[in-house]
Each structure stands twice: as structure tokens, then as C-alpha cells.
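A.B. asks:
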Amino acid sequence: MTERTQLVSRPPSNARVSPTVVALAALAALVPIVAGATGCASSAPVDAPELGATANPIIGGAADSTHDAVVAIYGQQGAQAGACTGTIVKTVGKVGYVLTAAHCVTIPPSIVFMGPDYNSASAKRFAVLDYAAHPSYNGDVASNYDVAVVRVLGVNSGTPVIPITASPDQLSLGTTLTSVGYGRTTPAGASGGDNTTRKNIRLAVQELDSTHIGYRFQSGNICQGDSGGPALRGTGTAERVVGIHSYVNGDCTQQAYSVRVTFSSVYTFIQQQLAKAPPAESCDSCTRAETSGDNPCAQKQAECFTDPECEKLAECQQKCSSATCVTDCENRHPRAIAKFNAAVYCTCGETVCKPLCFIECRSAPKCGFALPRDACGACTEGACCDAVGACAGDADCLLCLRAGASADPSCATNKLRKAVADCATTKCKTECASDPIVEGGQPTPGGPVGPDGKPVPAGAATTTTTTESCGCEVVGASPAPRSASLAALFGLALGLAGRRARRREGRPRG
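For the record, in the sequence shown the residue sitting at position 236 is 236 according to this note's numbering, with numbers rising by one throughout.
Take a look at the structure:
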């Protein structure tokens, strides 16, 4: 009997996925291309190419630069990991609806990647909101109900979509369709075919019934990792999803099959999922949305992920449960603190999530640096926040500020550090008279001024402002543990988008 295999594959062993969060470990293509009719992927490890190595297209396909709505779906559960392909078929506000195969969500999806190469630093990441498989899907390889919808956060009005077809789909034998996916580029079982780039291939419909679309190997085919990807009819803006890649016979050089979108039960299920309203917004959903896609906070995270020191600091703090541990990690990677804090606390400083994250953002330093909880710290935060923020955002200046009285002599010539000292000397002269923060500072000509920039009358006390908005506090020299929610969200992103390529130890799911 010819083997039927679902099209899920384990990610390449050296894909850009950090082991920090085990739940998200491999990216290339979820594989239920199944042995026999058992519904299982092979447990034998597959050789993975080095990142950046040249690979042939899908198996006879071509590099795809136009179908940006076709995305890679990655999931991990324990030691099991895999990746599939999917298609964003609709967006509503910040929520995107990704059509894929049901066998692609047997390992819960954790993150979705968009881009010609999902292993690239420029690939966009989308957090998973939830997912649903067809209720009649039972794991059979050739199931008529191999369909699921994954909802993601972080999309916007510019996010590309390819809608599903209307019914009837106007298919017939001989119709040529475009298949797109991130699947293998060599037959199953052959070495060196794991792939992280999006490919496409034109295939003629050779078999057709109410539930499936069939193709035969025609100088190329879909393979592991293409599971859940689209079979598209039409061109340009008229393209529509008519099928969902499901399984192949043999080693990807024989027949391949997609579930037909217009099969009545499948079509009804998809429409029901697309009709689900976005959830009420919370701090959690807002933060995950704003750190996904091309949103500004996602860019801040990407800047950290592409900096080896920032990634090391993030991995170190992932293991922390105390302020002492946090401080120790910062002492090991001091030059990464500015970039790391900018990523972790980004949503606390922007207007979208701030009202929803009052509690979660209480530990976020208002000025980007945890000033001492004393009169000098309160005055400096209120009167010199801009100067402190500029210093906290610069690695060299932050090193000087953290060192205090033990700062290196070169700090005296750091312009940003001197700006903090000048401001504190001018506006907080009394409160900070003996504090290292004023070291090297010179008062602004004309005497002390208040936070409003106006001169303070002689003998008057210096005016300071209190921390407001997101509930941020002036925290002590030893930083308080970060909000568990923010730490978990950043840790999840870290685990999915670690910069350095690492060889995975686990095997694909069986």
C-alpha cells in the first residue's frame, strides 16, 4: 500500500529559535505527511541545511516574493515541534485569521512568521490569539475535514490577505493552480531539503471530487512543510484560496491532495470562524498585538533579538525570580540594559496599551532608569526626566549613570551624562547636593529653574512632579522584579525569535 503522509515537517535544526522558551522550538514545516494511514509523521530526524545555504525550490518550484499573505506557523509542545504554512484570509482590527490544516494545530501553534524567509531577521512575527480545528477532524491522514483557523494579533490595515473563494469555486480537471508554502525542497527522506523560504509552483488539477483536489508530480510538487498552505486560483488581486494542502502519497513525487474549501461542511466551518468577533482588549492582548507585526514595539524587540548581548541579558533574566537575580544579569550584560528595557517596557510608554496596563507597568521606570527612592531621585525624575531618559537609552551613558560614584573618569566627557548632571545641579541642587548624580554638573546660568523651565525665586523650594499615567514608580537602586505578565510576554517572543542559529536537540513529533 502506498504511504499517505501529512505535510508537516520539523523546523531546520539550526533555525533562528532560541531554546529559552522550549514551547516554541522549530520553524520549518509541520509534518503530518503520515506513514501508512496512522496519521503520524516519521520520527526519524531529517538533516537540516545551514542557514543561508542555497536550496532548490519547493521540489521544482520557484522563490516566491509576492504572496506575503502566505505565512509560516510554528508550534511546540514539550519536545515535539513543527511548522506549517497558512494563509491570512481576513483581518479585523488587530486580529488576523489564518487558514491552515487541522493537523497543523495538533501541536498548539505558538507564533506566525511573515516574510519570504521566516528565518530572516526582517521576518515579521505575530502572536497567536487562539485556534480551532474542524470538529469532525479525527486525525485520519486523508480526512475530509483537515482544516483549521488560527487567529493572530498585531495585524493592521496594511496586512496582506488572500480571501477564500466563493462557492462554487469554478474548478475542473486541468485547471492550473498556484501552490505556495515553506516546505521541503527535496523528496521526503532525502537529506538537505529543509527550507525556511517561501516557494510556489504551478500544478494542474488531475483529480477532483467534492472534498479534495488532487495533483500528480509534474516536475515538482508540494511536500513536508507545505501543510496548510494554499492552492490558489486566479492571479493578482483576483487570487482566491480554493484548497488547503493536506497530504501526499509516498515521498512527495507521486500524488498530492488539498482539502477543497467549498466542501459544504468545511466551507461552513471556515465562515463560522471568520465571523468570530475580536475579543475585548486587555493588557495581555494589547501588549501581544503591539509587539507583533510591524508595530513600533515589535521593532524594539527585533532590535534586542538582533543584538547578541541584549539576547543574552533577556535569556538571563528569563530565569530570574528576584531583584537580586535581575541586578546580577544586568551586571553581566550592562551594555544591553538600555536596549533590553526599551523592548520590555515599550508598551508602557505608548498610548495604546498604557491605560490597559496600569498594574503591569508599575515597575517600569518612568525615565528609563530606576532612580533611587529618595528626595534626589524624586526631584530628578520630576525635573530632569528627558535628560535621564536620553542617558538611559545610550549604552555608554547608562553605564556611567549606574556606576554612580564609582564611574570611570571617561564619564566626565560623556555629553549625555553631563546633561543629567547639569540638570540635577540646576533644578535639584538642594535635594541632590551629596548625590553622585550631580558629579561634574554645572548650574544653568541664571540660577535654579523649576520643571516648567521658569526661574525659581530665591529661597523657594525646588518643585518636583510625581509619577503618573501608567502607575510607574520611582524604584530603588535594586530594581523590583518585572511584571510577571510583561516578562512572560517578552520571554515568549524571545523564545521564538532568538537571534543566533542554534542546533535543536529534539526530534520531530511522531
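From the three backbone atoms N, C-alpha and C, an ideal C-beta is built for every residue, glycine too. Nothing here was measured: the structure is a model prediction, and the numbers come from that model.
Please work out which residues of its chain come closer than 7 Å, Cβ to Cβ, to ASP68, disregarding the five sequence neighbours upstream and downstream, and give them in chain order.
C.D. replies: Contacts found: MET114, PRO160.
A.B. asks: Taking the C-alpha atoms as reference points, what is the distance between GLN170 and GLN206?
C.D. replies: If you take the alpha carbons of GLN170 and GLN206, they lie about 15 Å apart.
A.B. asks: Which two residues bound the contiguous beta strand (DSSP E) that contains PRO230?
C.D. replies: 230–233 is the span of the beta strand (DSSP E), which, as asked, contains PRO230.
A.B. asks: Would ALA343 and LYS312 qualify as a contact pair, given that the criterion is a beta-carbon distance under 9 Å?
C.D. replies: Contact flag unset, no.
A.B. asks: So SER258 and ALA231 are in contact, right, with Cβ under 8 Å, and what is the actual spacing, rounded?
C.D. replies: Yes, SER258 and ALA231 are in contact; Cβ-Cβ is about 5 Å, under 8 Å.
A.B. asks: Spatial neighbours of THR165 within its chain, please: C-beta separation below 8 Å, excluding the five flanking residues on both sides.
C.D. replies: These residues qualify, in order along the chain: ARG233, ARG240, VAL241, VAL242, VAL261, THR262.
A.B. asks: By Cβ distance below 6 Å, which residues in the same chain neighbour PRO385 in space, the five residues on each side in sequence not counted?
C.D. replies: This sequence places Cys at residue 385; Pro is not what is there. Same-chain partners within the cutoff: CYS367.
A.B. asks: Could you name the residues of the same chain whose beta carbon sits closer than 8 Å to that of LYS90, not counting the 5 residues immediately before and after it, in chain order?
C.D. replies: So the qualifying residues of the chain are GLY96, TYR97, VAL161, PRO163, LEU274.
A.B. asks: The beta strand (DSSP E) that contains ARG335, what's its start and end?
C.D. replies: That residue, ARG335, is in no beta strand (DSSP E); it is neither H nor E in DSSP.
A.B. asks: If we count the other Cβ atoms within 10 Å of its Cβ and call it buried at 16 or more, is LEU512 buried or exposed?
C.D. replies: What is shown of the chain runs 1 to 510, which leaves residue 512 out entirely.
A.B. asks: Counting only the same chain and skipping the five closest in sequence on each side, list residues whose C-beta sits under 6 Å from that of ALA375.
C.D. replies: Contacts found: GLU431.
A.B. asks: Please confirm if the segment 317–333 is in contact with the segment 281–301, defined as three or more CB-CB distances below 8 Å between the two stretches.
C.D. replies: Verdict: no, contact absent.
A.B. asks: In angstroms, rounded to a whole number, what distance separates the CA positions of VAL326 and PRO443?
C.D. replies: Going by the C-alpha atoms only, they are around 35 Å apart.
A.B. asks: So which of LYS354, GLY441, LYS276 has the shortest CA-CA distance to ALA387?
C.D. replies: Closest by alpha carbon: GLY441.
A.B. asks: Pull up the CB-CB distance for VAL112 and ALA72, whole angstroms please, since I reckon it's below 8 Å.
C.D. replies: About 7 Å separates the two Cβ atoms, so the contact holds.
A.B. asks: Considering only DSSP beta bridges, list what HIS67 is partnered with.
C.D. replies: Answer is none; HIS67 lacks a bridge partner.
A.B. asks: Beta carbon of ARG288, beta carbon of ALA127: below 9 Å?
C.D. replies: A contact, by the Cβ cut-off of 9 Å.
A.B. asks: In terms of residues, what are the limits of the beta strand (DSSP E) holding ASP226?
C.D. replies: Premise fails: ASP226 is in no beta strand (DSSP E) and is neither H nor E.
A.B. asks: Assuming THR196 and ASP117 are in contact, meaning their beta carbons sit under 8 Å apart, how far apart are those beta carbons, in whole angstroms?
C.D. replies: Contact flag correct, Cβ pair sits at about 6 Å.
A.B. asks: What does the alpha-carbon distance come out to for the pair PRO409 and ARG373?
C.D. replies: Roughly 26 Å between the two C-alpha positions.
A.B. asks: For VAL266 and ALA102, I'd like the C-alpha separation in whole angstroms.
C.D. replies: Their Cα atoms are separated by approximately 11 Å.
A.B. asks: Could you tell me which residues DSSP puts in a beta bridge with ASP117?
C.D. replies: DSSP output for ASP117 lists THR197 as bridge partner(s).
A.B. asks: Kindly identify the DSSP beta-bridge partner or partners of SER282.
C.D. replies: SER282 is not bridged to any residue.
A.B. asks: When DSSP labels each residue in this structure, what does VAL46 get in the three-state scheme?
C.D. replies: The pLDDT assigned to VAL46 is 29, lower than 50, so where the model puts this residue is not dependable; a value taken from the coordinates is nonetheless given after this. Coil, per DSSP.
A.B. asks: With a 10 Å radius around its C-beta and 16 neighbouring C-beta atoms as the bar for buried, classify ASN341 as buried or exposed.
C.D. replies: That one is buried.
A.B. asks: For GLY86, tell me which candidate among ASP226, ASP64, ILE201 has the shortest Cα-Cα distance.
C.D. replies: Of the candidates ASP226, ASP64, ILE201, the one whose C-alpha sits nearest the C-alpha of GLY86 is ASP226.
A.B. asks: How many whole angstroms separate the CB atoms of GLN255 and ARG216, which I take to be in contact at a CB cut-off of 8 Å?
C.D. replies: About 6 Å; that satisfies the 8 Å criterion.
A.B. asks: May I ask you to list the residues that DSSP assigns as paired with LEU129?
C.D. replies: In the DSSP output, where bridge partners are listed per residue, LEU129 has none listed.
A.B. asks: So, helix, strand or coil for CYS428, using DSSP?
C.D. replies: Coil at CYS428, not helix or strand.
A.B. asks: In this structure, how does DSSP classify GLN318 when only helix, strand and coil are distinguished?
C.D. replies: It is helical.
A.B. asks: Nearest-angstrom Cα distance between ALA403 and CYS320?
C.D. replies: So the two alpha carbons sit approximately 22 Å from each other.
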